[in-house]
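Notes for the one structure printed next.
In our numbering, the protein residues as written are 2 to 979.
Rendered as structure tokens:
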């Protein structure tokens with residue numbers, strides 16, 4: 002099947018950045034037909050192209066179940082296949098370049114083929130030579146061979162095999178296949194920011210190859226100089242390189258006197274950070290970039306350079322700057338300074354970029370095993386009892402006493418009931434530099450502690466001092482915690498004993514080999530009382546920063562406090578602040594501080610308190626943590642990220658923040674109007690009275706303005722005096738009712754009760770307020786005769802209305818609403834909704850009935866019935882023409898009332914006059930009102946009334962589900978005719 006090769010250049014975030022290719026064939030015709038062929042590759046490839054065009058970067062390629070899986074910087078993956086439904090795509094191969102070693106990996110498995118032209122890692126140290134004959138020095142072992150330099154393997158598109166290159170030039174071809182040989186198979190090569198896909202199927206059924214170029218290519222790297230060398234015309238490092246020349250080997254000693262023979266067949270230096278500017282700063286440079294140094298051995302840097310002078314220890318890339326932590330190989334330095342130069346070479350894929358040269362120097366320094374408790378930085382070291390002879394032939398009592406006599410002063414003391422951690426007492430120090438090796442940038446220090454078998458007293462029994470001590474915990478070399486032997490009854494016989502412990506100090510070489518560099522004996526004194534009596538100095542409380550007063554609604558979720566722009570939700574103590582406020586207060590360094598603090602396990606306390614409503618301090622977080630572990634606490638809205646290192650090459654930092662889960666003055670006491678007050682404390686206890694406790698504190702205030710929403714000024718009444726019960730109510734919205742669904746009802750929409758904020762009603766507004774979870778309305782407890790259901794809350798705009806006819810002049814119903822915050826706090830409010838009866842009884846003149854008339858005497862009350870609205874307009878009254886009660890035009894047109902919803906019921910008011918009449922009437926007398934017509938009838942059995950009786954008839958006019966109006970009609974039963 003004929004194969005074609007198509008190049009597709011995907012542009013990254015900058016539209017003007019380009020990538021230039023030089024090939025052996027003109028691809029113009031292919032590019033003209035590019036889109037048609039890409040359309041046929043698979044839909045997933047289209048999606049992949051769109052993502053990369055949008056700025057996504059190809060971060061990984063792996064062999065999948067049905068083909069090849071491509072992962073982008075947005076975390077999304079795409080599976081590319083060939084053949085129908087991916088059937089043939091299962092035969093696939095993915096080639097990538099190792100992130101640190103620069104070798105080709107096939108389907109994730111390392112091969113033997115180098116992909117970049119920088120040196121491999123140096124070989125391990127050679128095995129030590131055998132001891133010489135007695136009296137003769139043993140022959141030192143040879144260095145391991147360094148990794149092969151210069152040759153690397155480049156995939157050839159035409160042959161499908163790798164070619165060997167060197168110094169960016171072709172050397173020879175190979176028969177090593179990188180393409181899948183089977184028909185329909187897919188091959189992928191991720192070479193820097195170029196992904197080459199071979200075997201994908203085009204629209205016309207042909208197998209094509211496609212290059213996907215993602216991101217912006219790195220165009221140059223340049224050293225950022227701070228210091229210019231005085232020896233050669235090159236910049237040099239900001240911080241100096243130092244190296245240790247010699248190490249010790251228990252097997253390399255003078256057989257006549259056992260004295261160590263110092264060994265120098267190694268390379269050990271400090272780590273120096275070197276800064277390089279990347280151009281452009283947003284170039285696609287990720288973890289797959291391989292960095293290495295080349296140094297000049299001939300006149301050009303393009304050929305013949307070797308990576309032996311500097312080695313990369315670590316790398317970080319940020320904001321267009323690559324920070325390369327480098328070590329120097331002191332054995333590669335030569336007398337001619339013109340050759341002591343090195344350039345950084347970056348291989349992103351198989352395209353190397355080389356920086357300008359840097360002049361490299363290194364100073365040999367000494368080291369001693371120092372007492373870190375007594376040694377003062379900047380002064381000569383205080384040491385232990387240095388061992389200068391090998392223990393290869395044994396470590397007898399006599400051997401030890403060569404270095405530490407029985408009457409020699411003890412180096413350290415501990416109480417017989419306690420322990421002592423010797424790790425806190427040892428450190429490697431340079432007397433030349435009067436500084437700790439860790440402060441000078443050295444890595445790889447370790448210590449081993451051994452209790453020799455015998456150290457005998459001069460008494461008659463030759464008491465062995467060593468029997469009185471043992472290790473606390475595991476009996477490992479790294480364990481330096483010493484205590485009194487449990488076999489010593491009550492421990493008291495150990496008081497006054499002076500055992501010794503041997504400490505061996507090690508450094509790892511630049512190649513990672515562990516080497517002995519110093520050894521000493523530490524003499525201990527076991528005491529009855531605490532060896533450091535006295536009173537601790539009081540350093541007071543150290544403020545991390547000024548108190549922070551945060552607005553709750555500006556807080557964010559999770560740990561965004563450490564990255565956002567809001568300045569009041571976090572405090573960040575960098576290493577400089579920690580040096581000043583912690584180590585500076587104790588007058589110690591990062592490497593010596595923990596010798597005096599935190600006990601043998603280097604523990605400290607994190608304490609967070611808040612003032613409760615009663616004014617008492619309430620503890621919400623209390624944890625004991627270890628210095629050896631990065632502390633990450635996210636609890637109850639408090640964030641702590643604490644790194645307190647004891648290694649000067651590692652950065653210490655303290656970050657304290659708050660997020661939107663923290664409680665406010667809604668839960669705790671409002672302090673000085675600033676909100677809830679939180680105290681975050683980090684307390685590092687000192688081991689003894691030589692130093693005071695370190696107490697760091699940060700104060701946060703958190704306030705949430707829990708105030709009612711602004712009421713609508715069009716309808717809001719600050720107070721309202723009820724027409725029904727005469728009481729005064731606060732915060733009222735008065736409802737007159739409205740015409741809905743063709744009839745009048747006592748209702749209103751809730752959103753109308755509140756002002757619009759930024760053009761939005763209360764429900765729309767609270768949906769956008771930061772840190773608000775919900776807004777809920779509900780009728781107050783005990784409210785009835787309303788909708789929505791009084792037992793159910795609602796969180797959308799609802800119509801509130803009465804479900805029963807109003808019988809009073811007004812009806813006050815209490816509505817509650819609450820705002821629920823992300824921290825589960827609620828702000829609870831209420832206001833009054835006043836429903837005003839739309840109709841009232843009008844004025845009536847009453848009627849008179851002659852009480853002494855012959856037979857039945859009657860009177861009509863219906864003509865006296867008058868119902869008006871609150872504007873004084875007639876709603877329902879007597880019509881003289883029809884002789885009935887009728888609705889007015891306003892009643893029918895405005896209020897949409899109909900006759901079928903109106904009813905009237907008449908009755909006597911059982912007042913005193915009515916009671917006197919009805920209780921004294923004869924059996925056949927009559928005093929009644931027709932409950933339908935309102936006609937009043939009076940009849941007695943012949944007696945004459947002696948006085949007038951003033952009665953009252955009520956006409957109860959009911960407008961169904963809306964209003965009930967009672968008209969009181971005076972009825973006079975007169976003794977005299979009118």
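Where a beta carbon is used, it is the ideal one built from N, C-alpha and C, also for glycine.
Spatial neighbours of residue 543 in its chain, beta-carbon cut-off 8 Å, leaving aside the 5 residues before and after: In the chain shown, residue 543 corresponds to position 542, counting from 1. If you ignore the 5 residues before and after residue 543, its C-beta comes within less than 8 Å of the C-beta of 582, 583, 586, 695, 696, 697 and 698, all in its own chain and listed in chain order.
Residue closest to residue 449, alpha-carbon to alpha-carbon, out of 411, 518 and 279: Here residue 449 refers to the residue found at position 448 when the chain shown is read from its first residue. Relative to residue 449, the option among 411, 518 and 279 whose CA is nearest is 518.
Host beta strand (DSSP E) of residue 209 (start-end): One-based indexing of the chain shown puts residue 209 at position 208. Counting along the chain, the beta strand (DSSP E) containing residue 209 begins and ends at 208–214.
Through-space distance from residue 375 to residue 435, alpha-carbon basis: The count along the chain shown starts at 1 and reaches residue 435 at position 434. The count along the chain shown starts at 1 and reaches residue 375 at position 374. Taking C-alpha positions only, residue 435 is separated from residue 375 by approximately 13 Å.
Contacts around residue 981, its chain only, beta-carbon distance under 6 Å, and the 5 residues preceding and following it disregarded: Residue 981 is absent from the structure shown; the chain starts at 2 and stops at 979.
Element boundaries [beta strand (DSSP E), containing residue 869]: Translated into positions along the chain shown, residue 869 becomes position 868. Taken as a continuous stretch (DSSP letters only), the beta strand (DSSP E) holding residue 869 covers 867–870.
Beta-carbon spacing of residue 279, residue 218 below 8 Å: Here residue 279 corresponds to residue number 278 of the chain shown, with the count starting at 1. Here residue 218 corresponds to residue number 217 of the chain shown, with the count starting at 1. With a cutoff of 8 Å on beta-carbon distance, residue 279 and residue 218 are scored as not near each other.
Residue 899 to residue 864 span [Cα, whole Å]: Position 898 of the chain shown holds residue 899. Position 863 of the chain shown holds residue 864. Straight-line Cα distance between these residues: approximately 20 Å.
Option nearest residue 801 by Cα separation, candidates 813, 380 and 820: For the purposes of this step, residue 801 is taken as the residue at position 800 of the chain shown. Out of 813, 380 and 820, 813 has the C-alpha closest to the C-alpha of residue 801.
Test item: CB-CB of residue 222 and residue 381 under 8 Å: Looking up residue 222 in the chain shown gives position 221. Looking up residue 381 in the chain shown gives position 380. No. Outside cutoff.
Nearest-angstrom beta carbon gap, residue 716 and residue 703 [assumed within contact, 8 Å]: Mapped onto the chain shown, residue 703 falls at position 702. Mapped onto the chain shown, residue 716 falls at position 715. In this structure residue 703 does not touch residue 716 by the C-beta definition: roughly 35 Å separates them, more than the 8 Å allowed.
Simplified DSSP assignment, three categories, for residue 970: Stepping through the chain shown from its first residue, residue 970 is reached at position 969. Note: residue 970 maps to strand in three-state DSSP.
Backbone CA spacing between residue 913 and residue 889 [nearest angstrom]: Residue numbering aside, residue 913 sits at position 912 when the chain shown is read from its first letter. Residue numbering aside, residue 889 sits at position 888 when the chain shown is read from its first letter. Roughly 36 Å separates the two Cα atoms.
For residue 855, the three-state DSSP class (helix, strand or coil): Here the question's residue 855 lines up with position 854 in the chain shown. Coil at residue 855, not helix or strand.
Inter-stretch contact (C-beta, 8 Å, three-pair minimum) for the region 838–850 and the region 749–764: Verdict: no, contact absent.
Close beta carbons around residue 588, own chain, < 6 Å, minus the five adjacent residues each side: Within the chain shown, residue 588 is the residue found at index 587, counting from 1. Hits under 6 Å: none found.
Sequence-distant residues of its chain with Cβ nearer than 7 Å to residue 111 (five each side left out): Locating residue 111 in the chain shown gives position 110, where the first residue counts as 1. 99 and 104.
Secondary structure of residue 411, DSSP reduced to three states: If you number the chain shown from 1, residue 411 lands on position 410. Look at residue 411 here: in three-state DSSP terms it is coil, with no helix or strand label.
Distance between residue 627 and residue 603 (C-alpha atoms, nearest Å): Here residue 603 refers to the residue found at position 602 when the chain shown is read from its first residue. Here residue 627 refers to the residue found at position 626 when the chain shown is read from its first residue. One C-alpha to the other measures close to 6 Å.
Exposure label - residue 855; buried when at least 16 CB within 10 Å: Stepping through the chain shown from its first residue, residue 855 is reached at position 854. Looking at its Cβ environment, which holds fewer than 16 other Cβ atoms inside 10 Å, residue 855 is exposed.
Counted within 10 angstroms of its Cβ, other Cβ atoms place residue 425 as buried (16 or more) or exposed: The residue you call residue 425 lines up with position 424 of the chain shown. Flag for residue 425 reads buried.
Supposed close pair residue 809, residue 838 - CB separation, criterion 8 Å: As a working mapping, residue 809 is identified with position 808 in the chain shown. As a working mapping, residue 838 is identified with position 837 in the chain shown. Confirmed, Cβ separation roughly 7 Å.
Cβ-Cβ distance between residue 666 and residue 719 below 8 Å: Walking along the chain shown from the start, residue 666 turns up at place 665. Walking along the chain shown from the start, residue 719 turns up at place 718. No; because the gap between Cβ atoms is not below 8 Å, this pair is not in contact.
Supposed close pair residue 344, residue 357 - CB separation, criterion 8 Å: Counting from one through the chain shown, the residue named residue 344 turns up at place 343. Counting from one through the chain shown, the residue named residue 357 turns up at place 356. That pair is a contact at about 7 Å.
Buried or exposed by the 16-neighbour rule on C-beta atoms within 10 Å, applied to residue 594: Numbered from 1 along the chain shown, position 593 holds the residue referred to as residue 594. Taking all protein chains in view, the Cβ of residue 594 is crowded by 16 or more other Cβ atoms within 10 Å, so the residue is classified as buried.
Sheet register partners of residue 556 (DSSP bridge): Taking the chain shown and counting its residues from 1, one reaches residue 556 at position 555. Answer is none; residue 556 lacks a bridge partner.
Nearest-angstrom Cβ-Cβ length linking residue 781 and residue 824, presumed shorter than 8 Å: Position 780 of the chain shown, counted from the first residue, corresponds to residue 781. Position 823 of the chain shown, counted from the first residue, corresponds to residue 824. Between residue 824 and residue 781 the Cβ distance is about 25 Å, and since that is not below 8 Å, they are no contact.
Option nearest residue 953 by Cα separation, candidates 887, 860 and 946: The residue you call residue 953 lines up with position 952 of the chain shown. Comparing Cα positions, the closest option is 860.
Closest Cα partner of residue 623 within the set 508, 216, 607 and 293: Position 622 of the chain shown, counted from the first residue, corresponds to residue 623. Checked all of 508, 216, 607 and 293; the closest Cα to residue 623 is 607.
Test item: CB-CB of residue 213 and residue 53 under 8 Å: What you label residue 213 is simply residue 212 of the chain shown in a count that begins at 1. What you label residue 53 is simply residue 52 of the chain shown in a count that begins at 1. Going by beta carbons, residue 213 and residue 53 fall inside the 8 Å limit.
Simplified DSSP assignment, three categories, for residue 238: As a first step, residue 238 must be located in the chain shown, where it is residue number 237. Note: residue 238 maps to coil in three-state DSSP.
Close-in-space but distant-in-sequence residues of the same chain around residue 819 (CB under 6 Å, 5 per side omitted): Locating residue 819 in the chain shown gives position 818, counting from the first residue. Result list for residue 819: 777, 827 and 829, in chain order.
Among 794, 389 and 80, nearest to residue 506 - alpha-carbon criterion: As a working mapping, residue 506 is identified with position 505 in the chain shown. That would be 389, whose Cα lies nearest to the Cα of residue 506.
Uninterrupted beta strand (DSSP E) stretches inside the region 532–593 (no shorter than 3 residues): Counting only runs of 3+ residues, the beta strand (DSSP E) found wholly inside the region 532–593 occupies 542–544, 549–552 and 571–574, in chain order.
Buried or exposed by the 16-neighbour rule on C-beta atoms within 10 Å, applied to residue 947: As a working mapping, residue 947 is identified with position 946 in the chain shown. With fewer than 16 other CB atoms across the displayed protein chains lying within 10 angstroms of its CB, residue 947 is exposed.
Own chain partners of residue 437 with C-beta closer than 6 Å, once the 5 adjacent residues on each side are dropped: Locating residue 437 in the chain shown gives position 436, counting from the first residue. Taken in chain order, the residues that qualify are 428, 430 and 592.
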